[in-house]
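Colleague: In numbering that gives the first Met the number 0, the protein residues as written are 0 to 359.
Glycine included, C-beta positions come from ideal geometry on N, C-alpha and C.
Bear in mind the structure is a predicted one, so any value in this text is a computation, not a measurement.
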Amino acid sequence: MNSIYVETNDKRYPIYFAHDFDGLGKAVEENGLLGRKLCIISDSNVSSIYGEKVKKALEDYFESIFVYTFNAGEKSKNLNTISDFYEFFLENHIDRKTVVAALGGGVCGDMAGFAAATYLRGIKFIQIPTTLLAQVDSSVGGKVGVDFKNSKNIIGAFYQPEFVYINTQTLDTLPEREFNAGMAEVIKYGPIYSHEFTEYIVNNKKSVAQRDKHALEHIIKKCCEIKAEVVSKDEKEGGLREILNFGHTIGHAIETKMDFSLLHGECVALGMNAVFEICLKRNTVNENEYKELKELLEYFKLPLNISSIMPDEVYSQMFLDKKVKNNQLSFVLLEKYGKPFSTTQVNKDEIYSALNAVLR
Ligand SMILES: NC(=O)c1ccc[n+]([C@@H]2O[C@H](COP(=O)([O-])OP(=O)(O)OC[C@H]3O[C@@H](n4cnc5c(N)ncnc54)[C@H](O)[C@@H]3O)[C@@H](O)[C@H]2O)c1
Ligand SMILES: [Zn+2]
0 MNSIYVETND KRYPIYFAHD FDGLGKAVEE NGLLGRKLCI ISDSNVSSIY GEKVKKALED
60 YFESIFVYTF NAGEKSKNLN TISDFYEFFL ENHIDRKTVV AALGGGVCGD MAGFAAATYL
120 RGIKFIQIPT TLLAQVDSSV GGKVGVDFKN SKNIIGAFYQ PEFVYINTQT LDTLPEREFN
180 AGMAEVIKYG PIYSHEFTEY IVNNKKSVAQ RDKHALEHII KKCCEIKAEV VSKDEKEGGL
240 REILNFGHTI GHAIETKMDF SLLHGECVAL GMNAVFEICL KRNTVNENEY KELKELLEYF
300 KLPLNISSIM PDEVYSQMFL DKKVKNNQLS FVLLEKYGKP FSTTQVNKDE IYSALNAVLR
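Rendered as structure tokens:
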């Protein structure tokens with residue numbers, strides 16, 4: 000099977016790339032999980048489309064299979080849902096030999112992973128991501144968790160899966176807006192890694208938008224390779240991993256100020272646009288590179304600016320982010336295209352001119 004490996008301090012695990020679920024059983028076998036019990040956790044949308052297919056693909060490989068479905072959406076991403084999972088685990092005698100499978104987007108992966116990390120102090124867990132965002136970002140790297148009160152992902156753990164199985168064909172049923180939001184994270188990997196990757200997306204944007212499986216597999220695999228490389232050098236966010244937050248300092252603040260009415264990827268698009276504005280003023284990216292980014296975001300129907308919130312509101316919101324230390328904002332900027340660095344040395348004027356560029 001087409002695969003790459005993620006290496007962390009104490010674990011090495013594969014990410015498989017496929018266009019169907021036929022290889023799932025083999026993945027289970029290869030990773031020594033044969034004959035155990037399986038508990039599939041999925042959301043209400045994904046379960047109705049893919050639940051049976053995945054169950055069928057795995058029934059010969061597990062002793063028994065249980066499926067738990069929760070209501071789709073970020074609103075479910077809380078401790079009450081986790082508590083429902085635990086109850087289901089207890090009722091069905093889930094033990095240390097059981098494997099938990101997350102079948103769904105980032106919400107499902109983060110929650111199933113958190114439940115697996117904590118139940119019986121940790122049971123084995125596999126990821127079967129079905130959104131573009133989950134396939135290029137959330138299923139790789141081992142961050143799992145839930146929201147609490149109004150804070151996103153504030154409760155969680157680092158917990159790596161046994162493997163990740165990416166079936167790109169599942170993206171066929173993903174609503175367009177969700178797909179495009181995932182593309183914002185895909186596009187993000189260009190400026191932080193290499194212009195060559197951006198060029199590939201530009202040259203193949205039509206096939207990608209039409210969800211051609213080969214084009215999709217190429218970009219998803221590349222994103223996973225980049226994320227895997229970053230995570231293997233910095234599993235627990237000591238520094239390097241921050242580069243994955245390119246566009247996120249401003250993006251997160253907009254996301255919160257907009258009361259989550261915009262999708263995360265849409266806010267990342269706005270945040271990247273703002274950061275490019277700063278880099279352009281610093282002459283570390285040129286007009287062409289900026290234009291190319293904007294055209295790409297536009298092609299995938301991502302917003303370049305919004306008018307409903309004010310720069311002041313976003314500016315103050317940024318200081319409330321859980322990543323802020325010593326009341327200092329941290330930004331990922333570009334030394335040049337493909338060379339990111341993290342810094343707290345961005346002055347208020349620069350931030351405001353970036354905010355003014357996207358909030359109008
Ligand atoms: N752990 C990490 O490192 C990390 C990184 C980025 C984001 N996240 C988290 O990921 C979450 C967002 O993930 P998401 O964008 O995948 O959201 P999601 O899981 O809510 O999925 C988006 C929507 O698409 C539906 N869906 C999923 N797959 C589908 C398919 N194949 N066909 C049809 N519909 C489908 C879902 O039911 C849902 O309605 C957030 O909670 C965020 O905090 C985590
Ligand atoms: Zn993101």
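Over the uninterrupted alpha helix (DSSP H) stretch that includes R176, give me the two end residues.
Modeller: 175-192
Colleague: H92: buried (16+ other C-beta within 10 angstroms of its C-beta) or exposed?
Modeller: exposed
Colleague: For a quick check, are the C-beta atoms of T342 and L333 less than 8 Å apart?
Modeller: no
Colleague: Where does E161 fall in DSSP's three states?
Modeller: coil
Colleague: Rounded to a whole number of angstroms, what is the C-alpha to C-alpha distance between D146 and I40?
Modeller: 18 Å
Colleague: Our contact map puts A156 next to V139 with C-beta atoms below 8 Å; I'd like the distance itself, whole angstroms only.
Modeller: About 16 Å separates the two Cβ atoms, so there is no contact after all.
Colleague: Reducing DSSP to helix, strand and coil, say where Y49 ends up.
Modeller: helix
Colleague: State yes or no: is the C-beta of H263 within less than 8 Å of the C-beta of T167?
Modeller: no
Colleague: Count the other CB atoms, across all protein chains shown, that sit within 10 Å of the CB of L269; report buried if there are 16 or more and exposed otherwise.
Modeller: buried
Colleague: Is A273 near A214, with beta carbons less than 8 Å apart?
Modeller: no
Colleague: Throw me the rounded Cβ distance for the A101 and A111 pair, which I believe falls under 8 Å.
Modeller: 4 Å
Colleague: When you compare the CB positions of Y15 and N1, do they come within less than 8 Å of one another, or not?
Modeller: yes
Colleague: Considering F147, what are the terminal residues of the beta strand (DSSP E) in which it resides?
Modeller: Element bounds for F147: 142-147.
Colleague: Once you ignore the five residues that flank F124 on each side, which residues in its own chain have a CB closer than 8 Å to its CB?
Modeller: V98, V99, A100, A101, A111, G112, A115, A116, Y158, P160, E161
Colleague: Looking at the structure shown, is Q344 part of a helix, part of a strand, or coil, going by DSSP?
Modeller: DSSP, reduced to helix, strand and coil, places Q344 outside both helices and strands of the structure shown, so it counts as coil.
Colleague: To the nearest angstrom, how far is the alpha carbon of G72 from that of Y192?
Modeller: Near 31 Å, if we compare the C-alpha coordinates of Y192 and G72.
Colleague: Give the straight-line distance between the Cα atoms of I305 and K256, rounded to the nearest whole angstrom.
Modeller: 12 Å
Colleague: From what residue to what residue does the alpha helix (DSSP H) around Y67 run?
Modeller: Not the alpha helix (DSSP H): Y67 falls in the beta strand (DSSP E), residues 63-69.
Colleague: Which partner residues does L303 have in the DSSP bridge list?
Modeller: DSSP output for L303 lists no bridge partner at all.
Colleague: Quick check: is any heavy atom of ligand 2 less than 7 Å from the C-beta of E184?
Modeller: yes
Colleague: Could you tell me whether the Cβ atoms of K293 and I153 are closer together than 8 Å?
Modeller: no
Colleague: Is the beta carbon of T248 less than 8 Å from the beta carbon of G181?
Modeller: no
Colleague: Would you kindly report the start and end of the unbroken alpha helix (DSSP H) that includes S315?
Modeller: 310-317
Colleague: If we ignore side chains and look at the alpha-carbon of each, how far apart do L358 and S43 end up?
Modeller: 35 Å
Colleague: Which runs of the beta strand (DSSP E) fall wholly inside the region 253-277 and span at least 3 residues, in chain order?
Modeller: none
Colleague: With C-beta atoms as the reference, is M317 less than 8 Å away from A252?
Modeller: yes
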